[in-house]
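Enquirer: Quick note, the sequences are listed as chains A and B, same order. Residue 1 is where the first sequence starts when you use this note's numbering, and the numbers rise one by one after that. Residue 1 is where the second sequence starts when you use this note's numbering, and the numbers rise one by one after that. Glycine included, every Cβ here is placed at the ideal spot set by N, Cα and C. None of these values were measured; they are calculated from a predicted model.
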Amino acid sequence: MLQKIYDWVDERVDITPLWRDIADHEVPEHVNPAHNFSAFVYCFGGLTFFVTVIQILSGMFLTMYYVPDIENAWRSVYYLQTQVAHGQIVRGMHHWGASVVIVMLFLHTLRVFFQGAYKKPRELNWIVGVLIFFIMLGLGLTGYLLPWDNKAYFATVVTLEIAEGIPYIGEMTKTLLAGHPEIVGAQTLTRFFAIHVFFLPAALFALMAVHFILIRKQGISGPM
Amino acid sequence: MKKGKGMKFVGDSRITAEKVRFIPKDYSEYPGKTEAFWPNFLLKEWLAGSVFLVGFLCLVLAHPAPLEGPADPTDAAYLPLPDWYFLFLYQLLKYKFASAQYFVIGALVMPGLAFGGLMLAPFLDKGKGRRPNKRPISVSLMLLGIIAVFWLTWEAASHVDWEAKAEENRPIPPGSTVEIDTEDPGYAVYENNCLSCHGGQLEGVAGPALIGMEYSVEEIKQIAVEGIGDMPPGQFNGTEEELQQLAEFIVATNEQAAEDH
Numbered sequence: 001m002l003q004k005i006y007d008w009v010d011e012r013v014d015i016t017p018l019w020r021d022i023a024d025h026e027v028p029e030h031v032n033p034a035h036n037f038s039a040f041v042y043c044f045g046g047l048t049f050f051v052t053v054i055q056i057l058s059g060m061f062l063t064m065y066y067v068p069d070i071e072n073a074w075r076s077v078y079y080l081q082t083q084v085a086h087g088q089i090v091r092g093m094h095h096w097g098a099s100v101v102i103v104m105l106f107l108h109t110l111r112v113f114f115q116g117a118y119k120k121p122r123e124l125n126w127i128v129g130v131l132i133f134f135i136m137l138g139l140g141l142t143g144y145l146l147p148w149d150n151k152a153y154f155a156t157v158v159t160l161e162i163a164e165g166i167p168y169i170g171e172m173t174k175t176l177l178a179g180h181p182e183i184v185g186a187q188t189l190t191r192f193f194a195i196h197v198f199f200l201p202a203a204l205f206a207l208m209a210v211h212f213i214l215i216r217k218q219g220i221s222g223p224m
Numbered sequence: 001m002k003k004g005k006g007m008k009f010v011g012d013s014r015i016t017a018e019k020v021r022f023i024p025k026d027y028s029e030y031p032g033k034t035e036a037f038w039p040n041f042l043l044k045e046w047l048a049g050s051v052f053l054v055g056f057l058c059l060v061l062a063h064p065a066p067l068e069g070p071a072d073p074t075d076a077a078y079l080p081l082p083d084w085y086f087l088f089l090y091q092l093l094k095y096k097f098a099s100a101q102y103f104v105i106g107a108l109v110m111p112g113l114a115f116g117g118l119m120l121a122p123f124l125d126k127g128k129g130r131r132p133n134k135r136p137i138s139v140s141l142m143l144l145g146i147i148a149v150f151w152l153t154w155e156a157a158s159h160v161d162w163e164a165k166a167e168e169n170r171p172i173p174p175g176s177t178v179e180i181d182t183e184d185p186g187y188a189v190y191e192n193n194c195l196s197c198h199g200g201q202l203e204g205v206a207g208p209a210l211i212g213m214e215y216s217v218e219e220i221k222q223i224a225v226e227g228i229g230d231m232p233p234g235q236f237n238g239t240e241e242e243l244q245q246l247a248e249f250i251v252a253t254n255e256q257a258a259e260d261h
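(1) Looking at the strands, I want to know which residues DSSP matches up with Asp149 of chain A.
(2) On a Cα-Cα basis, can you pick out the residue from A:Ala202, A:Phe134 and A:Met104 that is closest to Gly112 of chain B?
(3) Closer than 7 Å by beta-carbon distance: list the chain B residues that pair up with Ala155 of chain A, in chain order.
(4) Taking the alpha carbon of Asn72 of chain A as the point to measure from, which residue in A:Leu141, A:Asp149, A:Phe106 and A:Ser38 has its own alpha carbon closest?
(5) Just list the alpha helix (DSSP H) runs in the segment 109-158 of chain B, keeping only unbroken ones of 4 residues or longer that don't cross its boundaries, in chain order.
(6) Quick one: using the 10 Å Cβ neighbour count with 16 as the cut-off for buried, is Met142 of chain B buried or exposed?
(7) Give the interface partners of Glu35 of chain B over in chain A, defined as CB-CB distance under 9 Å, in chain order.
(8) Use the C-beta contact count for Ala178 of chain A: other C-beta atoms within 10 angstroms, 16 or more gives buried, fewer gives exposed.
(9) Three-state secondary structure (DSSP) at Glu171 of chain A?
(10) Does chain A have any CB closer than 9 Å to the CB of Ile223 of chain B?
(11) Please report the distance separating the alpha-carbon of Ser196 of chain B from that of Met231 of chain B.
(12) Should the segment 124-141 of chain A be regarded as contacting the segment 77-89 of chain A, the criterion being three or more beta carbon pairs within less than 8 Å?
(13) Run down chain B in chain order and give the residues with a C-beta less than 8 Å from the C-beta of Met224 of chain A.
(14) Report the three-state DSSP secondary structure of Val27 of chain A (helix, strand or coil).
(15) Just checking: is the beta-carbon of Lys120 of chain A within a distance shorter than 9 Å of some beta-carbon in chain B?
(16) Assuming Met208 of chain A and Ile132 of chain A are in contact, meaning their beta carbons sit under 8 Å apart, how far apart are those beta carbons, in whole angstroms?
(17) Is the beta carbon of Gln235 of chain B closer than 9 Å to that of Val217 of chain B?
(18) Beta carbons nearer than 9 Å to chain A: which residues of the segment 46-77 of chain B have them?
(19) Just to confirm before moving on: does the CB-CB distance between Leu81 of chain B and Tyr90 of chain B stay below 9 Å?
(20) Excluding the 5 residues flanking Thr52 of chain A on each side, which residues of the same chain have their C-beta closer than 7 Å to its C-beta?
(21) Look at Ala258 of chain B and Gln83 of chain A and say whether their C-beta atoms are less than 9 Å apart.
(22) May I have the straight-line CA-CA distance separating Phe9 of chain B from Pro122 of chain B, to the nearest angstrom?
(23) Spell out the partners DSSP gives Met231 of chain B in its beta bridges.
(24) Kindly list, in the order they appear in chain B, the residues whose Cβ is closer than 9 Å to that of Leu47 of chain A.
(25) What residues in its chain sit with their C-beta under 7 Å from that of Thr63 of chain A, if we drop five residues either side in the sequence?
(26) Roughly how many angstroms lie between the CA atoms of Pro181 of chain A and Phe193 of chain A, to the nearest whole one?
Here's what the structure looks like:
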């Protein structure tokens, strides 16, 4: 039955090449921990992706309760944390995932760096990877404000002060992020929320797509 | 013909009429045992992923995500700290050579050089050799950078009393709208023993607020008798029954407070 559906779709849309690009390829020995345990260093990229998926899913569930508004943001998080069934676990996954993803990205970057895997012809993918790292840091920065508790508020005040200190464009940047040249408040929270759940994830998905397409095109770097 | 004018398509689409069979890629470049990604390798990867997930969930269960009290912009005494992976930047901006009139150096020049260098690494390190010993400059710069980041993070984190900070900033619902049931027999016991330090509304005076805690009845009984931290032992004077009433009253008030928000 499944096979029939597949054939029916395949006849019209020709999905076999797509499938082949995604799944039908060989894993060379030097990246396979089953052959050589030290190849576990090749897992960090995959684990980064795995945690990113956790972040996307847990984040989607968090928005079912979270209210991006200074009156209710903290209350909604508190309610989620103390009252909602499994709310504490979902929020915990998103909280810890944010840290673990940075650790995994860091390890993945170090693996690629120390193996010199960024060399020709993979320069472009390295740049895309560094951009992904920046986006992740941006997600961490904006997500930190959302619970609207003291640590969130005061860390953001400091961040915005630093942004303001940049010569020439500092004040503009601050106003753009905070929604007001002086006040860190309602506008700031909604802007950070929008950046955290729409702008940065959109950029992240695009960059991840490029990252993976390039890997499939170029193959994984050979043994050293 | 696979390409060019001889190709046959299905109708007016771009789908080729002829099915091409999958021929595994030739990895003769890397001699040894290759393995099909699907399904062989993916199955093993799935196992490794499950182990990782279990570890991750243990972390989540053991340490609930922290939440402090609601943002209070008037709290001038609050010590602001970013999330841990920004601590190194935060620490950098504390040094004389990177703050005040040199702020631009600390906030822009140094991080800009470091991250710019990271991004352009493939163009700065253009040699053919991939092994670390073939490219001593880039590798030692990277090691230097890693040591600097770890050291700065450590410097920033080790001066903070994280436990005291979390304790001071426990999430207490704003306005503490909890109705204190002064008719409760436990309240009378509370009044006699604890009110002087913890306040008539459990809001805290010399001691901390007793709202927003997660102690059990047994634990409160123990604290009342044995004290905790700066709270001296022997604060409670009375019968075992009164002690029970007191602890139940405090726990019930906390449950009430949690439900209201």
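Expert: Taking the structure as given:
(1) On the first sequence, position 149 is the one that residue 149 of chain A refers to. Its beta-bridge partners are B:Pro70.
(2) The residue you call residue 112 of chain B lines up with position 112 of the second sequence. The candidate whose alpha carbon is nearest that of Gly112 of chain B is A:Phe134.
(3) For the purposes of this step, residue 155 of chain A is identified with residue 155 of the first sequence, where counting begins at 1. Pro80, Leu81 and Pro82, listed in chain order.
(4) Your numbering for residue 72 of chain A matches position 72 in the first sequence. The shortest C-alpha separation from Asn72 of chain A is found at A:Asp149.
(5) 110-119, 121-124 and 136-158
(6) Counting from one through the second sequence, the residue named residue 142 of chain B turns up at place 142. Buried, by the Cβ-count rule.
(7) As a first step, residue 35 of chain B is located in the second sequence; it is residue number 35 there, counting from the start. Residues of chain A passing the Cβ test: Glu26, Val27, Pro28, Glu29, Asn32, Ala34 and His35.
(8) On the first sequence, residue 178 of chain A is found 178 positions in, with the first residue counted as 1. With 16 or more other Cβ atoms within 10 Å, it is buried.
(9) Translated into positions along the first sequence, residue 171 of chain A becomes position 171. Reduced to three states, the DSSP call for Glu171 of chain A is helix.
(10) Indexing the second sequence from 1 puts residue 223 of chain B at position 223. Answer no: the Cβ-Cβ gap between Ile223 of chain B and chain A never drops below 9 Å.
(11) By one-based count along the second sequence, residue 196 of chain B stands at place 196. By one-based count along the second sequence, residue 231 of chain B stands at place 231. Straight-line Cα distance between these residues: approximately 12 Å.
(12) no
(13) Indexing the first sequence from 1 puts residue 224 of chain A at position 224. Under the 8 Å cutoff, chain B gives Arg130 and Arg131.
(14) As a first step, residue 27 of chain A is located in the first sequence; it is residue number 27 there, counting from the start. Reduced to three states, the DSSP call for Val27 of chain A is strand.
(15) In the first sequence, counting from the first residue as 1, residue 120 of chain A sits at position 120. Taking Cβ atoms only, chain B reaches closer than 9 Å to Lys120 of chain A, which makes this a yes.
(16) In the first sequence, counting from the first residue as 1, residue 208 of chain A sits at position 208. In the first sequence, counting from the first residue as 1, residue 132 of chain A sits at position 132. Yes, Met208 of chain A and Ile132 of chain A are in contact; Cβ-Cβ is about 7 Å, under 8 Å.
(17) Position 217 of the second sequence holds residue 217 of chain B. Position 235 of the second sequence holds residue 235 of chain B. Taking 9 Å as the Cβ cut-off, Val217 of chain B and Gln235 of chain B do not qualify as a contacting pair.
(18) Ala48, Gly49, Phe52, Leu53, Phe56, Leu57, Leu59, Val60, Leu61, His63, Pro64, Ala65, Pro66, Leu67, Glu68, Gly69, Pro70, Ala71, Asp72, Pro73 and Asp75
(19) One-based indexing of the second sequence puts residue 81 of chain B at position 81. One-based indexing of the second sequence puts residue 90 of chain B at position 90. Yes, these two residues count as a Cβ contact at 9 Å.
(20) In the first sequence, residue 52 of chain A corresponds to position 52, counting from 1. For Thr52 of chain A, where only same-chain residues beyond five positions count, the Cβ hits under 7 Å are Val101.
(21) Translated into positions along the second sequence, residue 258 of chain B becomes position 258. Translated into positions along the first sequence, residue 83 of chain A becomes position 83. Cβ distance < 9 Å, so Ala258 of chain B and Gln83 of chain A count as in contact.
(22) Position 9 of the second sequence holds residue 9 of chain B. Position 122 of the second sequence holds residue 122 of chain B. Spanning the two alpha carbons is a distance of roughly 42 Å.
(23) Here residue 231 of chain B corresponds to residue number 231 of the second sequence, with the count starting at 1. For Met231 of chain B, which the question treats as bridged, DSSP gives the partners B:Ile228.
(24) Position 47 of the first sequence, counted from the start, is the residue given in the question as residue 47 of chain A. The contacting residues are Ala48, Gly49 and Phe52.
(25) Against the first sequence, residue 63 of chain A aligns to sequence position 63. Counting only Cβ-Cβ distances below 7 Å, and skipping sequence neighbours, we find Val197.
(26) Here the question's residue 181 of chain A lines up with position 181 in the first sequence. Here the question's residue 193 of chain A lines up with position 193 in the first sequence. Spanning the two alpha carbons is a distance of roughly 18 Å.
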